[in-house]
Amino acid sequence: MSTTATIAAHAASRSTTSLGSSGPRPSAPGSSAPAEAGPALLTVSGLAVAYGERTVLEDVSFTARSGQLLAFLGANGSGKSTTLRAVANLAGHQRGTIEFAEGAAGPAMVFQKIHLVGRRTVLDNVCTGALARMSLASSIHPWFYPAAIRRQAMEALDRVGLADRAAQRAGTLSGGQQQRVAVARALCQGAKVLLADEPVAALDPQAARSVMELLRSLAHDEGLAVAAVLHQPDLAREFSDHVIGLQSGRIVLDSPTVDISMDQISRLYAEDAR
1 MSTTATIAAH
11 AASRSTTSLG
21 SSGPRPSAPG
31 SSAPAEAGPA
41 LLTVSGLAVA
51 YGERTVLEDV
61 SFTARSGQLL
71 AFLGANGSGK
81 STTLRAVANL
91 AGHQRGTIEF
101 AEGAAGPAMV
111 FQKIHLVGRR
121 TVLDNVCTGA
131 LARMSLASSI
141 HPWFYPAAIR
151 RQAMEALDRV
161 GLADRAAQRA
171 GTLSGGQQQR
181 VAVARALCQG
191 AKVLLADEPV
201 AALDPQAARS
211 VMELLRSLAH
221 DEGLAVAAVL
231 HQPDLAREFS
241 DHVIGLQSGR
251 IVLDSPTVDI
261 SMDQISRLYA
271 EDAR
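Residue numbers for the sequence shown follow full-length UniProt numbering, so the first one is 1 and each next one is one higher.
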């Protein structure tokens, strides 16, 4: 099925609904957090990572739950990104366990460097999220995706508010739009755990808020467990449900966001903590 045909079919299928495609579907107004987080989808216990003689992570333990946006805060070099990379099996670990709930499979991941193929259409980029589920024969020609995968990719684009950009080259989008395409690609993987490594670090304030609203909505409305590394404490306080603070590779703060003060967050970035 061609991109044009896929877009036309998607438009026809949603003509009976009132959903728009000008922006991501947000959480209900005034609902900054779910009433209660759901079951654990990811459990990390005693995680330790070292590169030679240098210890990067030591005894890191946390749980990511369905319906929860978990924010990782800390100074540069504190181990935030290494934690997510270890969970995604992009970095090895010497000790500890990483367990996903039954049916949760592995995680999907969104990066600061968005890694889209700029010459390809937005739809084609989102379809790549399904490569791991395709047969070897189908994946040899990845730009000829089955109709079912293209439909799923269109649904993911609709979810992030970019269904109307499906036929556009990814390289022509703004930074915020490209990051939303990357989120749609992650959704196309079908994972229940979404890891976001500095997803808004390179975005302007308005685009950053749009992406954070989307991540929160995916947790609260879709039941995903979202874990995001952030360098903006104000965004963490506004959008996250739970904060993990790291210093020198160890967790020193682990608390619901509503219970955390700015003084506690500031201490994570104190000069003597680096």
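For glycine and all other residues, C-beta sits at the position ideal for the given N, C-alpha and C.
Asked: Nearest-angstrom Cβ-Cβ length linking G223 and G67, presumed shorter than 8 Å; Found: 5 Å
Asked: Residues near V122 in its chain [Cβ-Cβ closer than 6 Å; skip 5 each side]; Found: R165, A166, Q168, A170 and V181
Asked: Beta-carbon proximity list for A48, same chain, < 8 Å, skipping 5 on both sides; Found: T55, L57, E58, D59, V60, H93, Q94, R95 and G96
Asked: Whole-angstrom C-beta distance between V110 and L173, which should lie under 8 Å; Found: Not really, about 15 Å apart at Cβ, beyond 8 Å.
Asked: Within 8 Å, strictly: CB atoms of A101 and L41; Found: yes
Asked: Per-residue burial, K80 [other beta carbons within 10 Å of its own, 16 or more giving buried]; Found: buried
Asked: A228 - containing alpha helix (DSSP H), residue span; Found: Segment A225 to V229 is the beta strand (DSSP E) holding A228; no alpha helix (DSSP H) there.
Asked: Segment contact flag, the region 197-209 with the region 145-165, C-beta cutoff 8 Å, min 3 pairs; Found: no
Asked: Cβ pair R185, G129 closer than 8 Å; Found: yes
Asked: M109, enclosing beta strand (DSSP E) - first and last residue; Found: A108 to F111
Asked: Other residues of its chain near T82: CB distance less than 7 Å, five sequence neighbours each side excluded; Found: V49, V56, L57 and A91
Asked: Option nearest P199 by Cα separation, candidates V229, K192 and D221; Found: V229
Asked: Host beta strand (DSSP E) of P256 (start-end); Found: R250 to P256
Asked: Cβ separation of V126 and A153, assumed to be a contact under 8 Å, to the nearest whole Å; Found: 4 Å
Asked: Proximity of D241 and P256 at Cβ, strictly below 8 Å; Found: yes
Asked: Buried or exposed by the 16-neighbour rule on C-beta atoms within 10 Å, applied to A28; Found: Reliability of the predicted coordinates at A28 is poor, the pLDDT of 40 falling under 50, and the value obtained from them is presented with this limitation in mind. With fewer than 16 Cβ atoms within 10 Å of its Cβ, A28 is classed as exposed.
Asked: Own chain, CB closer than 6 Å to S32, minus 5 neighbours either side, in chain order; Found: Below a pLDDT of 50, predicted positions are generally treated as unreliable, and S32, at 48, falls in that range; the measurement from the model is reported next regardless. Nothing listed; no residue qualifies.
Asked: Proximity below 8 Å, CB of S78 to CB of S248; Found: yes
Asked: Inter-residue Cα distance where the pair is A37 and S266; Found: 26 Å
Asked: Buried versus exposed call for S261 [16 or more other C-beta atoms within 10 Å across all chains shown]; Found: exposed
Asked: For R237 and D263, the rounded distance between their alpha carbons; Found: 12 Å
Asked: For G129, the three-state DSSP class (helix, strand or coil); Found: helix
Asked: DSSP three-state assignment for S81, whether helix, strand or coil; Found: helix
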